[in-house]
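For the sequence shown, position 126 (counting from the first letter as 1) is numbered 134 according to the working numbering, and the numbering increases by one without interruption. Heads up, the beta-carbon is just placed ideally off N, CA and C, and yes, glycines get one too. Accompanying notes for the structure given below.
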Amino acid sequence: MSDTIVVDPEAPSGSAAAAGGQEPKQKPERVASLWSDALRDLRRNPVFVIGATLVLLLLIVSAVPQLFTSGSPFANDACDLADSLKRPSADHWFGFDVQGCDVYTRTVWSARNSIVVGVLTTTLVTVVGCLLGLLAGWVGGVLDSVLSRFTEIFFAVPSLLGGMLIMSFWGSGNVLSVSMVLAALGWPQIFRIMRASVIANKHNDYVVAAKALGAGNLRITFRHIMPNAVAPVIVVSAISLGVYIGAEAALSYLGIGVQPPQISWGLMISDASNRFLEAPHVLLFPAAALSVTVLAFIMVGDAVRDALDPKLR
9 MSDTIVVDPE
19 APSGSAAAAG
29 GQEPKQKPER
39 VASLWSDALR
49 DLRRNPVFVI
59 GATLVLLLLI
69 VSAVPQLFTS
79 GSPFANDACD
89 LADSLKRPSA
99 DHWFGFDVQG
109 CDVYTRTVWS
119 ARNSIVVGVL
129 TTTLVTVVGC
139 LLGLLAGWVG
149 GVLDSVLSRF
159 TEIFFAVPSL
169 LGGMLIMSFW
179 GSGNVLSVSM
189 VLAALGWPQI
199 FRIMRASVIA
209 NKHNDYVVAA
219 KALGAGNLRI
229 TFRHIMPNAV
239 APVIVVSAIS
249 LGVYIGAEAA
259 LSYLGIGVQP
269 PQISWGLMIS
279 DASNRFLEAP
289 HVLLFPAAAL
299 SVTVLAFIMV
309 GDAVRDALDP
319 KLR
């Protein structure tokens with residue numbers, strides 16, 4: 009009668025026993041979250057990669073324009089009327105404007121004011137809208153009603169028209185004044201989004217559990233409510249940044265935004281509009297820079313929206 013060998017299925021294999029009987033270590037499971045999944049999707053999204061690359065390049069241009077041009081539009085010899093409206097050449101890629109100023113140099117340096125207005129306006133709008141929306145959505149009651157009715161006053165005024173009226177009374181415009189005016193008219197949109205998101209999240213189980221464990225209102229608000237309610241605000245803010253850059257250009261084009269001796273793409277387009285048929289290059293290059301900038305920020309905003317919205321997965 010032959011011997012029967014019984015194999016224990018739970019016994020370590022020969023290779024594991026030869027290695028000392030230790031089982032191979034398992035990789036830790038990845039913790040899934042909205043932000044980690046969104047970051048992974050953004051890295052794989054070509055629209056985000058292209059848009060983010062353009063945005064990074066534009067931020068570098070606005071911060072250090074000296075890296076991209078050796079001249080300065082604020083130098084005493086920056087303009088020469090003898091070069092007025094000269095066409096683009098190998099030495100001067102974008103040609104010269106009516107005053108004989110190098111269009112390429114002015115286009116590069118104008119990125120600073122245009123982008124600073126967009127970033128500063130978006131920051132002000134996001135901070136004010138988030139704080140007031142968080143307060144209204146979490147506290148509720150009379151405070152919510154008062155703040156909601158107050159924001160409806162701003163929604164009744166078109167942003168660009170309101171900006172034109174305010175800047176007309178303000179007088180000479182600069183980067184700070186244009187940013188404050190645009191922020192004063194733009195925060196109600198962020199307020200409504202943040203308020204609705206807070207109301208949708210404040211009755212969730214994790215908030216109830218935090219209250220049961222004795223967490224205070226301040227901790228619940230900033231530790232639990234804010235991180236879960238801020239996603240739609242980030243999406244709208246990213247898209248709005250490009251819109252605010254375009255709004256600054258519109259105000260400057262109308263002569264009530266950034267004023268000389270400061271420069272911006274809107275001012276350059278305004279100065280070149282009367283000579284477009286005679287010298288189209290004076291208008292096309294700053295207009296193209298403005299269009300690419302607005303498009304880059306909108307591409308990033310659209311990609312962030314797709315990544316943060318679970319319904320679009």
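Looking at the DSSP output, V266 sits in a beta bridge with G181. If you look at H232, you'll find it isn't in any alpha helix (DSSP H); DSSP assigns it neither H nor E.
Looking from the CA of N236, the closest CA among G181, L142, L173, D314 belongs to L142.
Assignment of D110 by DSSP, reduced to helix, strand and coil, places it in the strand class.
As DSSP reads the structure, C87 sits in a beta bridge with C109. Counting along the chain, R157 sits inside the alpha helix (DSSP H) bounded by residues 149-163. With 16 or more neighbouring CB atoms inside 10 Å of its own CB, P81 falls in the buried class. N182 has its alpha-carbon roughly 22 Å from the corresponding atom of C109. The beta carbons of L190 and G171 sit closer together than 8 Å. In the displayed model, F104 falls within a strand according to three-state DSSP. In this structure, the straight-line span from the alpha carbon of F104 to that of N282 is close to 15 Å. By the criterion of a C-beta distance shorter than 6 Å, H100 is surrounded in its chain by D110, once the five residues flanking it on both sides are discounted. Secondary structure of K94 (DSSP, three-state): coil. With a cut-off of 8 Å on Cβ pairs, the region 244-259 is not in contact with the region 220-234, counting fewer than three such pairs.
DSSP, read as helix, strand or coil, puts N53 in coil. Nearest in C-alpha terms to L65, of all of D310, A315, R313, V300, is V300. Two segments are said to touch when three or more pairs of C-beta atoms, one from each, lie closer than 8 Å; by this definition the region 72-81 touches the region 111-125. Taking the CA atoms as reference points, Y252 sits about 35 Å from V215. The beta carbons of A315 and L93 sit about 47 Å from each other, so the pair does not count as a contact at 8 Å. In this structure G265 is in contact with E256, their Cβ atoms being roughly 6 Å apart against a cut-off of 8 Å. In this structure, the alpha-carbon of A220 lies about 13 Å from that of N212. Cβ contact annotation for T77 (same chain, cutoff 7 Å, sequence separation greater than five): Y112, T113, V116, in chain order. Distance between V63 and T131, taken at the CA atoms: about 16 Å. Restricting attention to alpha helix (DSSP H) runs no shorter than 4 residues, the region 258-302 encloses them at 273-280, ordered along the chain.
For the 8 Å CB-CB criterion, L298 and A280 do not form a contact. Taken atom to atom, the span from the alpha-carbon of L139 to that of A304 is near 28 Å. Secondary structure at L221: coil, using DSSP grouped into helix, strand and coil.
Take the alpha-carbon of H289 and the one of L151: they are about 54 Å apart. With contacts defined as CB atoms closer than 8 Å, V206 and G137 fail to qualify as a contacting pair.
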